[in-house]
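A.B. asks: Okay, handing you the structure first.
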Amino acid sequence: MRACYIIAEAGSCHDGSADRAFELICIAAECGANAVKFQYWSDSKALARARHDANLEAFYEPYRMPQSWLAVLKAEADLQHLDFLCTVYLASDIQYVAPLVAKFKIASPDALNLPFITAHRQYEKKIIVSVGMLTEAELDEVSTEYTRLHCVSAYPCPLEQVNLGAIRQYDLDGFSDHTGDPCMGAWAYLAGANVLEVHVRAEDTKKTNPDYPHALSPPLLKAYIANVRQAQEAWGSGVKITQPAEADTRKYMA
């Protein structure tokens with residue numbers, strides 16, 4: 000059976016509330032994820048500058064979590080038997096998450112940011128990189144020593160643009176899912192994904208939250224993960240043998 004590692008991405012769905020962040024960790028655990036991931040930036044103005052749009056500062060600020068949250072969220076993830084992950088966007092912030100995370104996750108806008116990725120490497124932890132927006136030529140610049148996730152950086156991503164065939168075409172390791180479809184993870188797994196990242200929200204997350212359109216409610220996340228596990232079981236060993244369920248039927252062979 001080919002394993003699949005599922006990351007529940009909390010994103011902005013904590014809505015600036017530590018209690019809501021804890022709730023998202025519990026949801027991820029109850030639904031059967033392997034990891035829960037948050038996002039941290041210390042300075043909304045600096046992040047907006049890094050994204051070449053000063054107007055984004057006001058967009059980012061309501062979802063900026065205090066640095067003091069990081070250790071307590073990690074402790075709660077540990078209690079829930081989840082790996083704790085946290086993406087950062089400023090090189091100066093790597094030092095705050097490095098001692099806490101099981102592995103690093105680099106977002107698509109930084110997939111070609113070599114100095115930024117190199118700054119992560121000094122901590123000698125596994126690095127996962129989403130490769131949304133990249134062209135075929137640009138994908139070659141992302142080292143295969145990283146866990147590379149197919150991604151379409153659209154929120155939500157239209158079905159006709161998901162392009163799951165790229166996973167097998169370019170021997171990618173997984174899929175960062177923005178579709179909001181509870182079946183998509185299973186399909187991505189069958190296309191070759193061994194790592195899945197999917198956004199999660201609480202049942203009462205407001206529709207005005209920027210992650211609402213592509214984040215899964217608890218029942219949908221539970222279905223998403225159950226679908227992946229079913230696909231995982233159905234994948235089997237891949238070795239062609241007479242299966243136990245068909246053994247009695249062999250007597251009818253010519």
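Read in numbering that gives the first Met the number 0, the sequence shown has 136 at position 137, and its numbers run on one by one without any break. Glycine included, C-beta positions come from ideal geometry on N, C-alpha and C.
Can you tell me whether DSSP reads Cys150 as helix, strand or coil?
C.D. replies: Locating residue 150 in the sequence shown gives position 151, where the first residue counts as 1. Residue state, collapsed to three classes: strand.
A.B. asks: What number of angstroms, rounded off, separates the C-alpha of Ala153 from the C-alpha of Thr117?
C.D. replies: Stepping through the sequence shown from its first residue, residue 153 is reached at position 154. Stepping through the sequence shown from its first residue, residue 117 is reached at position 118. The straight-line gap from Cα to Cα measures roughly 26 Å.
A.B. asks: Inspect the CB distances between the stretch 79 to 97 and the stretch 33 to 41 and report whether three or more fall short of 8 Å.
C.D. replies: Verdict: yes, contact present.
A.B. asks: May I ask you to report which of helix, strand or coil DSSP gives Ile126?
C.D. replies: As a position in the sequence shown, residue 126 is number 127, starting the count at 1. Three-state DSSP puts Ile126 in a strand.
A.B. asks: Can you list, in chain order, the stretches of the beta strand (DSSP E) that have 3 or more residues and sit fully within the stretch 178 to 209?
C.D. replies: Whole beta strand (DSSP E) segments, 3+ residues: 194 to 198.
A.B. asks: Using the rule of at least 16 other Cβ atoms within 10 Å of the residue's Cβ for burial, across every protein chain shown, is Tyr88 buried or exposed?
C.D. replies: By one-based count along the sequence shown, residue 88 stands at place 89. Its Cβ being crowded by 16 or more others within 10 Å, Tyr88 is buried.
A.B. asks: Return the first residue and the last residue of the beta strand (DSSP E) that Thr241 is part of.
C.D. replies: Reading the sequence shown from its first residue, position 242 is the one you call residue 241. Run containing Thr241: none; DSSP gives neither H nor E here.
A.B. asks: Restricting to runs no shorter than 3 residues, where is the beta strand (DSSP E) found entirely within the stretch 67 to 138?
C.D. replies: Correct list: 82 to 87, 103 to 105 and 126 to 129.
A.B. asks: Do you know how far the Cα of Ala185 is from the Cα of His213?
C.D. replies: Here residue 213 is taken as the residue at index 214 of the sequence shown, counted from 1. Here residue 185 is taken as the residue at index 186 of the sequence shown, counted from 1. Whole-angstrom Cα-Cα distance: 16 Å.
A.B. asks: As an exercise, report each continuous beta strand (DSSP E) stretch of at least 3 residues that is fully enclosed by the stretch 29 to 58, in chain order.
C.D. replies: With a minimum length of 3 residues, the continuous beta strand (DSSP E) runs that stay inside the stretch 29 to 58 are 34 to 39.
A.B. asks: Do Glu144 and Asp176 come within 8 Å of each other at the CB atom, strictly closer than that value?
C.D. replies: Along the sequence shown, read from residue 1 onward, the residue named residue 176 stands at position 177. Along the sequence shown, read from residue 1 onward, the residue named residue 144 stands at position 145. Not in contact: Asp176 and Glu144 (Cβ atoms no closer than 8 Å).
A.B. asks: Just to confirm the assignment, what range does the alpha helix (DSSP H) spanning Glu232 have?
C.D. replies: For the purposes of this step, residue 232 is taken as residue 233 along the sequence shown, with counting starting at 1. Glu232 -> alpha helix (DSSP H) spans Pro217 to Trp234.
A.B. asks: Any idea what DSSP makes of Asp176, helix, strand or coil?
C.D. replies: Working through the sequence shown from its first residue, we reach residue 176 at position 177. Reduced to three states, the DSSP call for Asp176 is strand.
A.B. asks: Suppose you measure from the CA of Leu72 to the CA of His80; what does that come to, to the nearest Å?
C.D. replies: Numbered from 1 along the sequence shown, position 73 holds the residue referred to as residue 72. Numbered from 1 along the sequence shown, position 81 holds the residue referred to as residue 80. If you take the alpha carbons of Leu72 and His80, they lie about 12 Å apart.
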